[in-house]
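Protein chains in written order, with our numbering: chain A, 17 to 230; chain B, 17 to 230.
2 protein chains.
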Amino acid sequence: MAPAASRPGVLARRMLGVPKNFQGNAEIFGQGEPVDYLYEVVSGAVRSTKVLSDGRRQIGGVYFAGDIFGLEHGNEHSLGAEAVVPSTIRVIKRRTLVQLTADDRALAEDLLAMAMCQVERMHRHELMLIMTAQERVNSFLTEMGQRISIGDVISLPMSRQDIADHVGLTIETVSRIFTDLAGGLTIRLTSARMIVLRDRPARERGTGRGGLLD
Amino acid sequence: MAPAASRPGVLARRMLGVPKNFQGNAEIFGQGEPVDYLYEVVSGAVRSTKVLSDGRRQIGGVYFAGDIFGLEHGNEHSLGAEAVVPSTIRVIKRRTLVQLTADDRALAEDLLAMAMCQVERMHRHELMLIMTAQERVNSFLTEMGQRISIGDVISLPMSRQDIADHVGLTIETVSRIFTDLAGGLTIRLTSARMIVLRDRPARERGTGRGGLLD
DNA sequence: CGACGCCTTGATAAATGTCAAACGTCGTGG
DNA sequence: CCACGACGTTTGACATTTATCAAGGCGTCG
């Protein structure tokens, strides 16, 4: 339902920051780098990643048009960020933005709201991570359905590996659950990255967030 | 190393909010209730919980003296909060606090910093949730070691069930890992809730966050 | 002393990860 | 236009981890 393209964010609406282009898989900032800028997706898709010394990778979040990322407390990024596909990103100096909030109270409130939005998204992510494999994949699909579907069709920008690292499973488990869901008529797989959502009620039942207590 | 008691937080330092007492296991606010107040632990311990309709429970975070909780974006609490042990909590109206930020720029910045602190804590929690059972329990102990140990001794306020729900495991698995760690000389269990940290290097190796890429 | 709550331990089942191979698709070059 | 190769995805057999079910121990408080 949500429009996939051109959803201006807090920065774009105010014409803040400068748009920059990145190729697919290009690094936007690396983990451990100083936190000097704030970023907003104009078009494309971005993943935030953390790589452990043994090679395990976590994808903390995926960001689409209008989403803010790079907001952190410390002086160093604990997660890096990479473009998933060719993307345009608005970049603004953190200090500049903070200075602007002195005059612009609405901007200050938007900033706090964004931080809390981030907290909320992370709550959902955390919740997903304690659920079963089926529920995790279902949650992922439901979230993508809300964020980037056109009608009932989701065009996934990311690989199975990206999904696996986001939901905390292996690529094989994710793949198996996709085929299970397709067999059960919950989704239809036009191709590996083209997904048609079919039975929304069934899928939402499968997210483990039943009724009242969601 | 960290002092367990009397670590005044943002509200206490400014004498904001009114202190209120809660018994152990008393509800401070329920999930689904409107977000009208902000809370700060003066003494004791608080857990934020989410209960799913099928009875599964997640403990999103545990809060000790000086910690803020109850900060959310939406109008309803997506997680509830309960005192773990008898606790004193400062309570302040959210609106009041927001109004105060108009005059007090430092307060506004503290508020944003707290939100980002929360984001950081959640990042660590998320990361923990994709690791193995051993690593999760090790991470938990290391975090408690940093936050509430006196010397090398941790006095846990919460039950095994609370720990299990926080790290996304069953109570049995948590218990087994505790005894394994005690057998391996990483910790010593004076009693079920009295833990002496022994081999810090070994434990930190066991958190899965090796070297550079932490 | 007894009962209750919490914690531990054991046996077994279920879920997920690992390793290996086959399959498809897409772009390149013959 | 077709063949080939690279890469991502799917599938299968098997190993490992963790959950489940059940029982027993331990400490505390009446």
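For every residue, glycine included, the Cβ atom is placed at its ideal position computed from N, Cα and C.
Cross-chain neighbours of residue i in chain B, by beta carbon under 8 Å
i                      : result
residue 135 of chain A : 87, 88, 89, 131, 134, 135 and 138
Expected contact under 8 Å - CB spacing of residue i and residue j to nearest Å
i                      : j                      : result
residue 223 of chain B : residue 158 of chain B : 6 Å
residue 85 of chain B  : residue 163 of chain B : Not a contact, Cβ separation roughly 14 Å.
residue 145 of chain B : residue 142 of chain A : 7 Å
residue 90 of chain A  : residue 136 of chain B : 7 Å
residue 87 of chain B  : residue 132 of chain A : 7 Å
residue 104 of chain B : residue 37 of chain B  : 5 Å
residue 48 of chain A  : residue 93 of chain A  : 7 Å
residue 127 of chain A : residue 128 of chain B : 7 Å
residue 77 of chain A  : residue 64 of chain A  : 5 Å
residue 193 of chain B : residue 134 of chain B : Contact flag wrong, Cβ pair sits at about 27 Å.
residue 138 of chain B : residue 138 of chain A : 4 Å
Residue i burial status per 10 Å Cβ neighbour count (16 or more: buried)
i                      : result
residue 66 of chain B  : buried
residue 201 of chain B : exposed
residue 226 of chain B : Low per-residue confidence applies at residue 226 of chain B: pLDDT is 46, beneath 50, and the placement is therefore not dependable enough to give any value.
residue 75 of chain A  : buried
residue 26 of chain A  : buried
residue 237 of chain B : Only positions 17 to 230 of chain B appear in this structure, which leaves residue 237 of chain B out of reach.
residue 33 of chain B  : buried
residue 177 of chain A : exposed
residue 210 of chain B : exposed
residue 205 of chain B : exposed
residue 35 of chain B  : exposed
Cross-chain neighbours of residue i in chain A, by beta carbon under 9 Å
i                      : result
residue 224 of chain B : 68, 69, 70 and 72
Beta-carbon neighbours of residue i, restricted to chain B and to distances below 7 Å
i                      : result
residue 201 of chain A : In chain order: nothing, as chain B lies at least about 23 Å away.
residue 124 of chain A : 124
residue 128 of chain A : 127, 128 and 131
Below 8 Å between beta carbons is the criterion; list the residues of the stretch 58-92 of chain A that meet it against any residue of chain B, in chain order. 66, 67, 68, 69, 70, 72, 74, 76, 87, 88, 89 and 90
Mind listing which residues of the stretch 174-191 of chain B have their C-beta closer than 7 Å to chain A's C-betas, in chain order? 184
Does the stretch 178-192 of chain A come into contact with the stretch 104-122 of chain A, if we say contact requires no fewer than three beta-carbon pairs (one atom in each stretch) closer than 8 Å? no
Meets three-Cβ-pair contact criterion under 8 Å: the stretch 206-219 of chain B and the stretch 88-108 of chain B: no
The stretch 90-113 of chain B: which residues have C-beta closer than 9 Å to a C-beta of chain A, in chain order? 90, 94 and 95
Going along the stretch 143-172 of chain B in order, which residues come within less than 7 Å of chain A, judged by CB to CB distance? 143, 145 and 146
Could you tell me whether the stretch 106-114 of chain B touches the stretch 53-62 of chain B, where touching means 3 or more Cβ pairs closer than 8 Å? yes
Closer than 8 Å, Cβ to Cβ, to anything on chain A: give me those residues from the stretch 24-36 of chain B, in chain order. none
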